[in-house]
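Numbering (the working numbering), first residue to last: 11 to 505. All C-beta atoms in this analysis are idealised placements derived from N, C-alpha and C, irrespective of residue type, glycine included.
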Ligand SMILES: C[S@@+](CC[C@H](N)C(=O)[O-])C[C@H]1O[C@@H](n2cnc3c(N)ncnc32)[C@H](O)[C@@H]1O
């Protein structure tokens with residue numbers, strides 16, 4: 011009796027409708043096996059859809075003969091499913107046939123074992139109503155067979171990732187609803203944290219996976235282990251990992267600093283990304299979910315996903331906002347250069363250039379540390395005057411520092427103790443009478459004073475000692491000085 015339907019030859023099964031219900035994955039460039047293929051309707055479709063190799067298998071010699079006639083490009087095997095062709099297959103179909111198997115559960119496992127890592131077993135099967143994990147004996151118009159309850163199917167498919175895709179076509183006299191189930195090898199998850207350095211990869215990995223069964227793998231740590239001969243790596247990788255480093259001293263010890271991100275880039279540039287993925291996988295326990303924390307440049311991350319997927323993993327890429335990550339050195343330098351330009355262009359916001367003219371003074375040693383020669387203040391910033399003064403004789407009444415500008419005058423006591431200064435002036439033998447004498451001073455004056463200039467001095471007892479004259483250059487003077495500095499820089503001594 012004709013089972014499958016072809017144009018002009020209708021059988022008891024509406025093959026086109028069944029095909030629509032199967033929701034087969036894309037078959038282009040795939041290896042396809044149809045178990046219990048009958049006259050090869052679905053094999054023909056696989057060939058039509060671009061599958062590279064199509065094999066149909068059926069114990070009925072009549073069905074196989076017809077199948078081979080219809081689709082000579084496909085391979086048809088007239089044999090029982092007790093003997094299966096060698097895998098792996100990308101797609102295996104077992105439609106309306108499981109119930110004929112003496113050991114249905116074993117057949118499912120044998121077919122699943124022939125799947126490629128990303129392969130799919132498409133099972134079209136009747137599911138018996140009722141609860142409990144049971145095989146239910148169902149009498150149909152044509153025969154009497156065992157069909158699984160939903161709970162039994164769930165038990166049988168426990169070792170796989172599977173999903174009931176939907177109902178299959180209804181056939182005349184069917185006492186049961188038929189379903190289409192897609193079954194895939196259960197793959198370990200690989201959570202990919204490949205973002206840039208400083209984006210928080212390790213923190214996220216620790217938060218998500220610490221105290222779970224997911225194994226955390228750090229690409230940087232692995233590189234380090236290779237460098238210190240704690241783990242093996244293929245020669246080509248090892249050479250690239252060890253190739254470049256910067257040396258630095260810690261005490262007597264010379265240490266090496268490596269840039270892990272740079273190593274990854276060089277490995278990729280050498281065309282060894284697949285080897286790197288294999289190297290990572292070699293450090294993972296089999297069939298265990300894992301999280302990989304290792305920088306990979308953005309343009310190569312899809313490739314990493316593909317490589318893990320090809321190797322039987324279920325890659326899950328983790329992405330997050332990383333606006334606060336460490337910037338790249340190149341970007342950094344560009345930004346800094348731009349900032350410098352901006353700073354230079356903002357000159358107008360600065361106060362005048364400061365000139366400091368120190369006086370020759372007898373009887374005191376002093377230093378005027380601030381303001382420094384040719385420094386520039388921000389607009390309206392007060393002129394900070396700071397330094398120290400050590401007189402030959404210590405006055406009874408202490409010292410004050412003063413600033414005089416036209417008829418304005420301010421003074422503050424010299425009140426900072428500066429042991430460092432006393433040591434500098436007297437060496438290790440600081441005279442006892444100086445030991446507790448404050449010699450450091452600090453005083454702020456209005457920036458406007460720079461225009462006409464002002465005097466800074468100290469009063470040592472009754473004596474007034476002028477230390478320096480301080481003034482700001484006018485715009486004209488500043489321009490001339492800048493030009494002079496430029497010319498001096500250009501002139502090279504002639505020998
Ligand atoms: C109901 S038909 C389904 C045909 C096809 N899969 C479809 O859905 O159109 C079941 C097929 O399984 C085949 N079959 C039954 N037992 C088999 C076995 N032990 N080995 C191989 N094929 C078998 C039959 O010959 C028949 O062609």
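With contacts defined by Cβ atoms closer than 9 Å, residue 226 and residue 303 form a contacting pair. Here the alpha carbons of residue 387 and residue 401 stand approximately 30 Å from one another.
Annotated three-state conformation of residue 315 is helix, per DSSP. The Cβ atoms of residue 200 and residue 301 sit closer than 9 Å to each other.
Judged by the Cβ position, residue 223 fails to qualify as a neighbour of ligand 1 at the 8 Å threshold, every heavy atom of the ligand being at least this far. In the DSSP assignment, residue 131 forms a beta bridge with 102 and 193.
Here the distance from the Cβ of residue 151 to the nearest heavy atom of ligand 1 is not below 8 Å.
If you check the CB distance, residue 60 and residue 39 come in under 9 Å. Contact between the stretch 325-334 and the stretch 436-447 is not established, with fewer than three Cβ pairs separated by less than 8 Å. As a beta-bridge residue in DSSP terms, residue 173 pairs with 192. In this model, residue 78 and residue 85 are separated by some 7 Å (Cα to Cα).
Residue 191 is a Cβ neighbour of residue 173, given a cutoff of 9 Å. The alpha helix (DSSP H) runs lying completely inside the stretch 67-94 and spanning 4 residues or more are 71-80, given in chain order.
Boundaries of the alpha helix (DSSP H) harbouring residue 285: 283-292, taken from the DSSP string. Under the Cβ criterion (8 Å, minimum of three pairs), the stretch 481-496 does not count as touching the stretch 424-435. Judged by the Cβ position, residue 68 qualifies as a neighbour of ligand 1 at the 8 Å threshold, a heavy atom of the ligand being closer than this. Burial is judged here by how many other beta carbons sit within 10 angstroms of a residue's own beta carbon; residue 274 has at least 16 and is buried. Rounded to the nearest angstrom, the gap between the Cα atoms of residue 241 and residue 233 is 9 Å.
Collapsing the DSSP output to three states places residue 415 in a strand. At a cut-off of 3 residues, the continuous stretches assigned as beta strand (DSSP E) that sit fully inside the stretch 366-412 are 374-380, 386-388 and 393-401. Listed in chain order, the alpha helix (DSSP H) elements of length 4 or more contained wholly in the stretch 430-501 are 459-462 and 485-500. When secondary structure is reduced to three states using DSSP, residue 136 falls in the strand class.
DSSP, reduced to helix, strand and coil, places residue 276 within a helical segment of the structure shown. Contact between residue 109 and residue 156 is confirmed by a C-beta separation of about 6 Å, below the 8 Å threshold. The Cβ-Cβ distance between residue 185 and residue 150 falls below 9 Å. With respect to residue 394, residue 454 sits close: the two C-beta atoms are nearer than 9 Å. According to the DSSP secondary-structure assignment, residue 155 is paired through a beta bridge with 148. The distance from the Cβ of residue 323 to that of residue 198 is about 6 Å, consistent with a contact at the 8 Å cut-off. Taking the Cβ atoms as the reference, residue 115 lies roughly 31 Å from residue 76, outside the contact range of under 8 Å.
Distances from the CA of residue 309 to each of 292, 279 and 239 were compared; the closest alpha carbon is that of 279. With a beta-carbon spacing of about 6 Å, residue 204 and residue 314 fall inside the 8 Å limit used to define contacts.
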